[in-house]
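Since the structure comes first, as structure tokens, the remarks are kept for the end.
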Amino acid sequence: MSTDSAFKLNDIKLRPHRIFGGIKPPAFKSSSMRSRIMPSPIPERLILSLRQHQGSAALPLVNVGDMVLKYQLIAAADQESALNLHAPTSGKIVAIESALIPSQLQQSEMCIHLQPDNKDNAIALNEISDYRAKTNADLVALVKQAGICGLGGAGYPTANKLKASIDIEAELLIINAAECEPYITADEALLREFAKEVVSGAEILQKICLASRCIIAIEKNKKEAVSALAAALNNSSISLVQLPAKYPAGGEKQIVQGVTGLEVPSGGYPPDIGVLVQNVGTAYAVHQAIVEGKPCISRITTLTGAPLQTPKNFSVLIGTPVSFLFEVCGIEEEQLTGAIVGGSIMGVELADLQAPVVKTTNCLIAKSTQEFPEAGKEQACIRCGFCADVCPAKLLPQQLYAYARSCNRDELESHGLFDCIECGACAYVCPSNIPLVQYYRASKQSFAKQLKQEEKSLYWQSRFQTHQYRLKKNQEDKLSQRKTKKNQAEV
Amino acid sequence: MTEALAKSSPMQLGKLKTQHIMLLVIAALLPGISVATWFFGWGLIINIGLACCFAISCEALALYVQKKPIKAALNDNSAIVTAFLFAITIPPGSTWWLVLFGIAFAILIAKHAYGGLGQNPFNPAMCGYLFLLLTFPLQMTSWHIPIEQGTLSPIGWEGFKQSILAVFPFLFASAESMVTTIDGMTMATPLIVSKMAGTNALLEANEAGLALFLRSSETGWELMNIAYMLGGLSLLAFGIIRWHIPLSIIVTVAVVSTLFYSPNSSAVFGTPYLHLFGSATMVGAFFIATDPVSAATTTKGRIFYGIIIGLSIYGIRVWGSYLDSIAIAVLFGNFCAPIFDYYCRPRVYGHTKRSLFARVTGSKP
Numbered sequence: 000m001s002t003d004s005a006f007k008l009n010d011i012k013l014r015p016h017r018i019f020g021g022i023k024p025p026a027f028k029s030s031s032m033r034s035r036i037m038p039s040p041i042p043e044r045l046i047l048s049l050r051q052h053q054g055s056a057a058l059p060l061v062n063v064g065d066m067v068l069k070y071q072l073i074a075a076a077d078q079e080s081a082l083n084l085h086a087p088t089s090g091k092i093v094a095i096e097s098a099l100i101p102s103q104l105q106q107s108e109m110c111i112h113l114q115p116d117n118k119d120n121a122i123a124l125n126e127i128s129d130y131r132a133k134t135n136a137d138l139v140a141l142v143k144q145a146g147i148c149g150l151g152g153a154g155y156p157t158a159n160k161l162k163a164s165i166d167i168e169a170e171l172l173i174i175n176a177a178e179c180e181p182y183i184t185a186d187e188a189l190l191r192e193f194a195k196e197v198v199s200g201a202e203i204l205q206k207i208c209l210a211s212r213c214i215i216a217i218e219k220n221k222k223e224a225v226s227a228l229a230a231a232l233n234n235s236s237i238s239l240v241q242l243p244a245k246y247p248a249g250g251e252k253q254i255v256q257g258v259t260g261l262e263v264p265s266g267g268y269p270p271d272i273g274v275l276v277q278n279v280g281t282a283y284a285v286h287q288a289i290v291e292g293k294p295c296i297s298r299i300t301t302l303t304g305a306p307l308q309t310p311k312n313f314s315v316l317i318g319t320p321v322s323f324l325f326e327v328c329g330i331e332e333e334q335l336t337g338a339i340v341g342g343s344i345m346g347v348e349l350a351d352l353q354a355p356v357v358k359t360t361n362c363l364i365a366k367s368t369q370e371f372p373e374a375g376k377e378q379a380c381i382r383c384g385f386c387a388d389v390c391p392a393k394l395l396p397q398q399l400y401a402y403a404r405s406c407n408r409d410e411l412e413s414h415g416l417f418d419c420i421e422c423g424a425c426a427y428v429c430p431s432n433i434p435l436v437q438y439y440r441a442s443k444q445s446f447a448k449q450l451k452q453e454e455k456s457l458y459w460q461s462r463f464q465t466h467q468y469r470l471k472k473n474q475e476d477k478l479s480q481r482k483t484k485k486n487q488a489e490v
Numbered sequence: 000m001t002e003a004l005a006k007s008s009p010m011q012l013g014k015l016k017t018q019h020i021m022l023l024v025i026a027a028l029l030p031g032i033s034v035a036t037w038f039f040g041w042g043l044i045i046n047i048g049l050a051c052c053f054a055i056s057c058e059a060l061a062l063y064v065q066k067k068p069i070k071a072a073l074n075d076n077s078a079i080v081t082a083f084l085f086a087i088t089i090p091p092g093s094t095w096w097l098v099l100f101g102i103a104f105a106i107l108i109a110k111h112a113y114g115g116l117g118q119n120p121f122n123p124a125m126c127g128y129l130f131l132l133l134t135f136p137l138q139m140t141s142w143h144i145p146i147e148q149g150t151l152s153p154i155g156w157e158g159f160k161q162s163i164l165a166v167f168p169f170l171f172a173s174a175e176s177m178v179t180t181i182d183g184m185t186m187a188t189p190l191i192v193s194k195m196a197g198t199n200a201l202l203e204a205n206e207a208g209l210a211l212f213l214r215s216s217e218t219g220w221e222l223m224n225i226a227y228m229l230g231g232l233s234l235l236a237f238g239i240i241r242w243h244i245p246l247s248i249i250v251t252v253a254v255v256s257t258l259f260y261s262p263n264s265s266a267v268f269g270t271p272y273l274h275l276f277g278s279a280t281m282v283g284a285f286f287i288a289t290d291p292v293s294a295a296t297t298t299k300g301r302i303f304y305g306i307i308i309g310l311s312i313y314g315i316r317v318w319g320s321y322l323d324s325i326a327i328a329v330l331f332g333n334f335c336a337p338i339f340d341y342y343c344r345p346r347v348y349g350h351t352k353r354s355l356f357a358r359v360t361g362s363k364p
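Chains as they are written, first to last, in numbering that gives the first Met the number 0: chain A, 0 to 490; chain B, 0 to 364.
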């Protein structure tokens with residue numbers, strides 16, 4: 000690509016840059032890295048949510064009682080933000096009803112309940128011998144068909160992301176392998192064993208999004224993954240950047256800063272500065288979808304925590320209940336106090352262990368009081384400023400906290416509440432046990448509510464005014480009509 | 000907040016808590032307190048003990064009156080830190096009622112009348128100190144050192160007895176014995192000496208042979224300041240305080256006192272060394288000005304805050320009518336801190352830099 004490209008990213012040296020703030024919590028990663036990735040056994044029932052991510056739900060294509068085959072499309076994305084859903088194994092659809100799924104809001108979703116027949120009969124797959132012969136539009140369609148979403152956490156549909164980056168002509172593709180959060184080792188394990196496939200996926204993604212450069216960013220303390228990647232990257236145009244280990248170096252905005260030194264504009268996304276960020280798990284899924292023709296029916300999930308006898312990474316079928324995975328790992332029930340979905344910092348508490356794995360579930364932590372003691376009582380903020388030192392967005396969490404408590408909307412906005420990425424570094428270091436992230440979330444939600452109400456009241460106000468105007472006009476018309484009639488009568 | 004929100008991230012938390020921070024601050028004070036006791040006697044230790052008792056009682060009373068949980072709030076150790084800071088700034092061996100008045104003002108008025116820990120705009124210990132300085136100026140400007148048979152004996156048994164009697168005068172057998180003992184124990188601080196010399200002009204300065212201004216006459220003050228400085232540096236090393244406030248205060252005091260110092264002129268301002276090590280500057284810079292609740296909380300704001308305090312320390316000492324000025328200077332810094340914080344916000348990730356003019360006038364960039 001020429002040097003006078005729209006974003007001028009080609010002159011930028013890709014090397015580790017300093018990111019703002021950050022913390023270095025104990026990582027607890029070694030226990031789940033001891034064994035290789037294991038394919039998880041097929042459970043008695045798979046619960047497949049129609050909404051695997053923060054988007055709209057897919058439309059089910061099967062009825063209760065239908066027999067389905069492995070890789071068969073069972074729910075289709077009829078909307079832009081929905082994801083295709085495929086049967087992870089062969090079996091019978093036994094119910095389509097709502098069930099709790101792991102997510103931020105602990106909500107229930109409509110789910111397809113699949114009872115496996117343990118035969119694992121699959122439909123024929125369309126393997127593509129040379130993806131390079133395909134057009135980009137075809138490849139995007141294949142990615143969309145495979146139902147792939149960002150497997151790092153947020154779960155934005157990959158096809159949509161690719162389309163957007165084609166539109167803006169992205170110049171740099173960053174494959175995010177930082178995995179900075181404690182406990183999670185899914186990406187690290189994946190790279191250790193499937194580095195070649197990941198690189199192949201990255202090359203496909205680079206071809207699709209037309210980026211002139213592609214790099215894989217990883218924390219440098221992941222020695223085995225780094226050496227596996229370095230070996231796989233021989234004879235590849237893709238380069239490797241080793242970042243210092245720091246949470247949240249793997250956040251989307253942070254990895255852009257950590258690799259390019261540039262910042263994503265406030266309220267924007269990496270494509271706004273010509274960068275596309277994809278997770279390594281996503282790259283692997285893309286490789287599987289394009290080269291092997293396999294839709295996204297499984298993912299690599301870390302199972303860890305003190306109550307598990309053999310913590311490890313599983314290649315787990317989407318829809319497998321969490322409790323089943325815990326049992327496979329050998330759970331010590333008396334130690335178990337609950338489960339966390341995600342890492343120990345941004346993860347959320349799982350309300351029900353029967354909840355299934357979804358496409359964005361990268362880690363499941365079995366909780367114990369020894370590892371996760373009850374948080375101390377919230378104390379007064381002493382304005383020590385530790386939070387401001389670690390904030391990766393360079394906010395002043397102590398000031399935001401004070402304004403959040405007094406519901407001062409103007410100051411919250413001018414202090415950058417909406418630039419908060421909710422990484423939780425501030426709450427991690429807070430010596431007074433203040434759940435800062437929750438204050439910010441609550442403020443954001445109340446703002447959204449307030450804004451909606453304001454819009455609503457403006458709408459009704461304008462309706463009322465038009466109504467008044469119409470009444471007045473009608474009356475005037477009637478009067479004038481009467482007058483003319485009167486005049487006519489007089490004449 | 001809803002329950003669902005209250006249960007969310009982060010699940011893993013750091014280990015350093017408020018009560019640990021407070022204990023570390025006290026631990027960092029100990030070297031300085033030991034040196035001060037070695038040179039100035041048991042009065043300081045007795046005062047600290049007394050101040051802690053009064054502070055805990057006052058805190059408990061304030062919490063009780065406000066119907067707040069007493070035990071949980073006392074556990075944060077913040078009242079004890081206030082007591083320590085207050086006790087090391089007042090003259091050692093101060094009378095019990097002096098300590099009581101000061102602590103009561105600090106805890107009840109300066110801290111709890113504003114809403115308790117985290118809400119007080121001014122440093123409580125310094126409010127207590129200033130309250131005493133304004134109401135009991137005589138008692139607050141004389142330092143007592145125990146004397147045994149005509150020589151200084153700060154930590155001997157006799158000294159201990161005298162310190163006890165100084166703190167609890169009602170234990171004296173008669174009013175007569177009280178007068179003689181107290182008389183023998185009063186001395187001036189190096190700053191007072193320097194200031195008196197300044198007002199008495201050149202003659203006295205010459206008489207003292209200028210040595211007075213080249214170096215503090217009391218090694219006790221020097222060593223005490225060095226000990227407090229080391230304690231403060233250990234707080235820096237532990238990451239309890241940041242370097243911005245102490246460094247900007249010390250640099251400001253050093254620079255200003257160097258600028259105004261001229262050894263041969265009649266205007267006697269004291270050497271930079273006297274200002275840094277012959278007074279309470281180190282305690283002020285490392286322990287008092289860094290009280291996070293009342294200090295500036297942004298990085299740039301902390302530097303301005305330190306500069307304001309450094310300038311005030313020097314200005315009040317040299318041109319003001321008070322002898323030492325840490326309390327007034329810190330309170331002055333406290334007044335300015337919110338403004339500094341408001342206008343010294345760091346540039347948020349993904350935002351373009353706004354000029355100071357734009358920030359002050361509120362115009363969009």
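The beta-carbon is built from N, C-alpha and C at its ideal position, and this holds for glycine as well.
Model, not experiment: these values are computed from the prediction.
How about residue 266 of chain A: is its C-beta nearer than 9 angstroms to some C-beta of chain B?
Locating residue 266 of chain A in the first sequence gives position 267, counting from the first residue. Among the CB atoms of chain B, one or more fall inside 9 angstroms of the CB of residue 266 of chain A.
Measure the alpha-carbon distance for residue 426 of chain A versus residue 20 of chain A and round it to whole angstroms.
On the first sequence, position 427 is the one that residue 426 of chain A refers to. On the first sequence, position 21 is the one that residue 20 of chain A refers to. Whole-angstrom Cα-Cα distance: 13 angstroms.
Three-way DSSP call (helix, strand, coil) for residue 476 of chain A in this model:
Residue 476 of chain A sits at position 477 when you count from the first residue of the first sequence. In the three-state reduction of the DSSP assignment, residue 476 of chain A falls in the helix class.
With H, G and I counted as helix, E and B as strand and the rest as coil, what does DSSP make of residue 345 of chain A?
Residue mapping note: residue 345 of chain A aligns to position 346 of the first sequence, counting from 1. Residue 345 of chain A: coil per DSSP, three-state reduction.
Would you mind giving the Cβ-Cβ distance between residue 327 of chain B and residue 288 of chain B, rounded to the nearest angstrom? I have them listed as a contact below 8 angstroms.
For the purposes of this step, residue 327 of chain B is taken as the residue at position 328 of the second sequence. For the purposes of this step, residue 288 of chain B is taken as the residue at position 289 of the second sequence. The C-beta distance from residue 327 of chain B to residue 288 of chain B rounds to 12 angstroms, too long to fall under 8 angstroms, and the pair is not in contact.
Contiguous alpha helix (DSSP H) assignments of at least 4 residues, all confined to the segment 197-245 of chain A
222-231, all fully within the segment 197-245 of chain A.
Can you check whether the C-beta of residue 414 of chain A is within less than 9 angstroms of a C-beta belonging to chain B?
Counted from its first residue, the first sequence places residue 414 of chain A at position 415. Nearest CB-CB separation between residue 414 of chain A and chain B: below the 9 angstroms threshold.
In the segment 357-378 of chain A, which residues sit with their C-beta less than 7 angstroms from some C-beta in chain B, listed in chain order?
Answer in chain order: 371, 374, 375, 376, 378.
Quick check on DSSP: helix, strand or coil for residue 11 of chain A?
Here residue 11 of chain A corresponds to residue number 12 of the first sequence, with the count starting at 1. The answer is coil: DSSP assigns residue 11 of chain A none of H, G, I, E or B.
Identify every run of the beta strand (DSSP E) within the segment 170-200 of chain A, keeping only runs that are complete inside it and at least 3 residues long; order them along the chain.
171-176, all fully within the segment 170-200 of chain A.
List the residues of chain A whose Cβ lies closer than 7 angstroms to the Cβ of residue 292 of chain B, in chain order.
Position 293 of the second sequence, counted from the start, is the residue given in the question as residue 292 of chain B. Neighbours of residue 292 of chain B on chain A, chain order: 381, 382.
Can you check whether the C-beta of residue 427 of chain A is within less than 9 angstroms of a C-beta belonging to chain B?
Position 428 of the first sequence, counted from the first residue, corresponds to residue 427 of chain A. For residue 427 of chain A, the nearest CB of chain B lies under 9 angstroms from its own CB, placing it at the interface with that chain.
For a quick check, are the C-beta atoms of residue 298 of chain B and residue 387 of chain A less than 9 angstroms apart?
Counting from one through the second sequence, the residue named residue 298 of chain B turns up at place 299. Counting from one through the first sequence, the residue named residue 387 of chain A turns up at place 388. Taking 9 angstroms as the Cβ cut-off, residue 298 of chain B and residue 387 of chain A qualify as a contacting pair.
Please go through the segment 393-454 of chain A and give each complete beta strand (DSSP E) segment of 3 or more residues, from N-terminal end onward.
Counting only unbroken stretches of 3 or more residues, no beta strand (DSSP E) element lies wholly within the segment 393-454 of chain A.
is_contact[residue 350 of chain B, chain A] using C-beta, thresh 9 angstroms
In the second sequence, counting from the first residue as 1, residue 350 of chain B sits at position 351. So yes, residue 350 of chain B belongs to the interface.
Does the contact criterion of 3 or more C-beta pairs under 8 angstroms hold for the segment 65-72 of chain B versus the segment 37-47 of chain B?
No: fewer than three Cβ pairs fall under 8 angstroms.
Three or more C-beta pairs below 8 angstroms linking the segment 141-155 of chain A and the segment 269-288 of chain A
The way I'd put it, the segment 141-155 of chain A does touch the segment 269-288 of chain A; three or more beta-carbon pairs between them come closer than 8 angstroms.
What residues from the segment 331-349 of chain A come within 9 angstroms of chain B, judged by C-beta to C-beta, listed N to C?
Going along the segment 331-349 of chain A in chain order, one finds 339, 341, 342, 343, 344, 345, 346, 347, 348 with a Cβ nearer than 9 angstroms to chain B.
Residue 311 of chain A by DSSP, collapsed to three states: which one?
Numbered from 1 along the first sequence, position 312 holds the residue referred to as residue 311 of chain A. When DSSP states are grouped into helix, strand and coil, residue 311 of chain A belongs to the strand group.
Here's a check: name, in chain order, each residue in its chain whose Cβ is nearer than 7 angstroms to the Cβ of residue 353 of chain A, leaving out the five neighbours to either side.
Within the first sequence, residue 353 of chain A is the residue found at index 354, counting from 1. Answer for residue 353 of chain A: 320, 322, listed in chain order.
For residue 110 of chain A, which beta-bridge partners are listed by DSSP?
The residue you call residue 110 of chain A lines up with position 111 of the first sequence. BP columns for residue 110 of chain A point to A:48, A:96.
Mapping the DSSP letters down to three states, classify residue 168 of chain B as helix, strand or coil.
Looking up residue 168 of chain B in the second sequence gives position 169. It is helical.
In chain B, what lies closer than 7 angstroms to residue 305 of chain A by C-beta?
Indexing the first sequence from 1 puts residue 305 of chain A at position 306. None at all; the shortest Cβ gap to chain B is about 13 angstroms.
Counted within 10 angstroms of its Cβ, other Cβ atoms place residue 338 of chain B as buried (16 or more) or exposed
Indexing the second sequence from 1 puts residue 338 of chain B at position 339. By the 16-neighbour rule on beta-carbons within 10 angstroms, residue 338 of chain B is exposed.
Check whether the segment 397-406 of chain A touches the segment 348-364 of chain A, taking contact to mean three or more Cβ pairs, one atom from each stretch, closer than 8 angstroms.
No, they do not touch.
Top-ranked residue by Cα proximity to residue 80 of chain A, from A:134, A:127, A:160, A:462:
Sequence index remark: in the first sequence, residue 80 of chain A carries index 81 (1-based). For residue 80 of chain A, the nearest C-alpha among the options comes from A:160.
Is residue 51 of chain A closer than 9 angstroms to residue 358 of chain A when the C-beta atoms are compared?
For this step, residue 358 of chain A is matched to residue 359 along the first sequence. For this step, residue 51 of chain A is matched to residue 52 along the first sequence. A distance below 9 angstroms separates the beta carbons of residue 358 of chain A and residue 51 of chain A.
Nearest-angstrom beta carbon gap, residue 17 of chain B and residue 24 of chain A [assumed within contact, 8 angstroms]:
Taking the first sequence and counting its residues from 1, one reaches residue 24 of chain A at position 25. Taking the second sequence and counting its residues from 1, one reaches residue 17 of chain B at position 18. In this structure residue 24 of chain A is not in contact with residue 17 of chain B, their Cβ atoms being roughly 19 angstroms apart against a cut-off of 8 angstroms.
Give me the Cβ distance between residue 243 of chain A and residue 15 of chain A, rounded to the nearest whole Å; I'm assuming they're in contact under 8 angstroms.
The sequence position of residue 243 of chain A within the first sequence is 244, counting from 1. The sequence position of residue 15 of chain A within the first sequence is 16, counting from 1. Contact between residue 243 of chain A and residue 15 of chain A is confirmed by a C-beta separation of about 6 angstroms, below the 8 angstroms threshold.
Below 8 angstroms, is the gap between the Cβ of residue 300 of chain B and the nearest heavy atom of the ligand FMN?
Among the components modelled here there is no ligand, and therefore nothing to report on the ligand FMN.
In chain order, which alpha helix (DSSP H) runs of at least 4 residues are fully inside the segment 277-320 of chain B?
Correct list: 298-318.
Where the alpha helix (DSSP H) containing residue 18 of chain B begins and where it ends:
By one-based count along the second sequence, residue 18 of chain B stands at place 19. In the DSSP annotation of this structure, the continuous segment of the alpha helix (DSSP H) that includes residue 18 of chain B starts and ends at 17-39.
Roughly how many angstroms separate the alpha carbons of residue 38 of chain B and residue 226 of chain B, rounded to a whole number?
What you label residue 38 of chain B is simply residue 39 of the second sequence in a count that begins at 1. What you label residue 226 of chain B is simply residue 227 of the second sequence in a count that begins at 1. So the alpha carbons of these two residues sit roughly 13 angstroms apart.
Taking residue 256 of chain B as the reference, which of B:99, B:335, B:280 has the closest Cα?
Mapped onto the second sequence, residue 256 of chain B falls at position 257. For residue 256 of chain B, the closest of B:99, B:335, B:280 by C-alpha to C-alpha distance is B:280.
For the segment 290-340 of chain A, list the alpha helix (DSSP H) runs that are entirely contained and at least 4 residues long, ordered along the chain.
Complete alpha helix (DSSP H) runs here, min 4: 321-327.
Using a Cβ-Cβ distance cut-off of 9 angstroms, determine whether residue 397 of chain A contacts chain B.
Position 398 of the first sequence holds residue 397 of chain A. The Cβ of residue 397 of chain A sits closer than 9 angstroms to at least one Cβ of chain B.
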